[in-house]
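In UniProt numbering, the protein residues as written are 1 to 179.
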């Protein structure tokens, strides 16, 4: 990996772990005796999802869905849901776990999808939120960190399927963008 791949590290793994403990405590309190279904948005959400799960102390179920909208560093605006396992969500409390809520289009598509299947409640948990980029009225209930408009990688977030394995979240040096 290039030494200057990141222009700035925003959050070290320890920062993310601490924030997951705080979010887990709040979710545990809010969902005690509710048995929510936590749905991980793949691929980017998997590292945050795993860390968050370790910190939630209530009965829950987990599922996975693949949602894609990015091409390179830009959201295409076209959200596709894939690998959706048809599990019963009618009258269930749903927590959508995202890596990042940027334009909000992916989160909106997921919320609409689960509303059509008559979920009892739907909330969003996200590692990162970029409110300055929001194109739709989506407000995650649980936010790890709010960031400015920059392109970030690491801790599950990628650039063209690379760098998900970084143990931190940082701003990518744009000189490494594919030409």
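Heads up, the beta-carbon is just placed ideally off N, CA and C, and yes, glycines get one too.
Have a look at 8, 128, 60 and 151 and flag the residue whose alpha-carbon is nearest the alpha-carbon of residue 107. 128
Under 8 Å Cβ to Cβ from residue 140, same chain only, skipping five residues before and after it: list those, please. 98, 101, 107, 123, 124, 125, 126 and 129
Let me confirm a value: residue 32 is counted as buried when at least 16 other C-beta atoms fall within 10 Å, else exposed. Which label applies? Under this definition residue 32 is an exposed residue.
Excluding the 5 residues preceding and the 5 following residue 17 in the sequence, name in chain order all residues of the same chain whose CB lies nearer than 7 Å to its CB. 51
Ends of the beta strand (DSSP E) at residue 111? Note, residue 111: premise wrong, no beta strand (DSSP E); alpha helix (DSSP H) at 105 to 116.
With 16 as the cutoff for other CB atoms within 10 Å, does residue 136 come out buried or exposed? exposed
Does the ligand GDP have even one heavy atom less than 7 Å from the beta-carbon of residue 145? Within the structure as shown, the ligand GDP is missing, as the structure has no ligands at all.
Would you list the residues sitting across from residue 52 in a DSSP beta bridge? For residue 52, which the question treats as bridged, DSSP gives no partner whatsoever.
So, with DSSP's three-state summary, where would you put residue 90? Reduced to three states, the DSSP call for residue 90 is strand.
Whole-angstrom distance between residue 59 and residue 4, CA atom to CA atom: 43 Å
Straight-line Cα distance separating residue 134 from residue 148: 11 Å
Looking at C-alpha atoms only, which residue of 146, 47, 121 and 109 is the closest neighbour of residue 35? 121
Suppose the cutoff is 6 Å on Cβ atoms and the five residues either side in sequence are ignored; what does the same chain contact list for residue 157 look like? The beta carbon of residue 157 lies closer than 6 Å to those of 44 and 99 in the same chain, with the five residues before and after it left out.
DSSP bridge partner residues for residue 38 (one or two, in chain order): 62 and 95
Would you call residue 92 buried or exposed, if buried means 16 or more other Cβ atoms sit within 10 Å of its Cβ? buried
Please report how far the alpha carbon of residue 114 lies from the alpha carbon of residue 88, in whole angstroms. 10 Å
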